[in-house]
Amino acid sequence: MDAESAKLIGAGLATLGFIGPGVGIGLIWAALINSVGRNPAAAGSITTTAWVSFALVEALAIFALAIALLILFG
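With positions in the sequence shown counted from 1, the corresponding number in the working numbering is that position plus 613.
Written as structure tokens, this is what we have:
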């Protein structure tokens with residue numbers, strides 16, 4: 614196996630890091646919808662917490678993308 618093939622395989626494996634954040638984001642928004650449905654009066658504070666959680670989980674996907682790009686072009 615040459616170095617270029619190893620880089621492509623490594624970058625592909627690094628993109629597996631998108632699976633966890635994808636599931637996590639789905640769970641965050643599902644919980645938000647469920648919570649607002651049960652208690653609409655608390656929608657403001659719940660929505661703020663959901664956006665903060667979304668940003669933290671999305672950061673993991675950005676880190677995985679950065680690693681994949683570093684492997685490809687580094």
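A virtual CB, placed ideally from N, CA and C, is assigned to each residue, including glycine.
For F631, there is no enclosing alpha helix (DSSP H), as DSSP gives it neither H nor E. Taking 8 Å as the cut-off, the beta carbon of A627 is found closer than this to the beta carbon of I684. By the C-beta density criterion, I646 is exposed, having fewer than 16 other C-beta atoms within 10 angstroms. No Cβ-Cβ contact shorter than 8 Å links V670 with I632. In the displayed model, G687 falls within coil according to three-state DSSP, outside both helix and strand.
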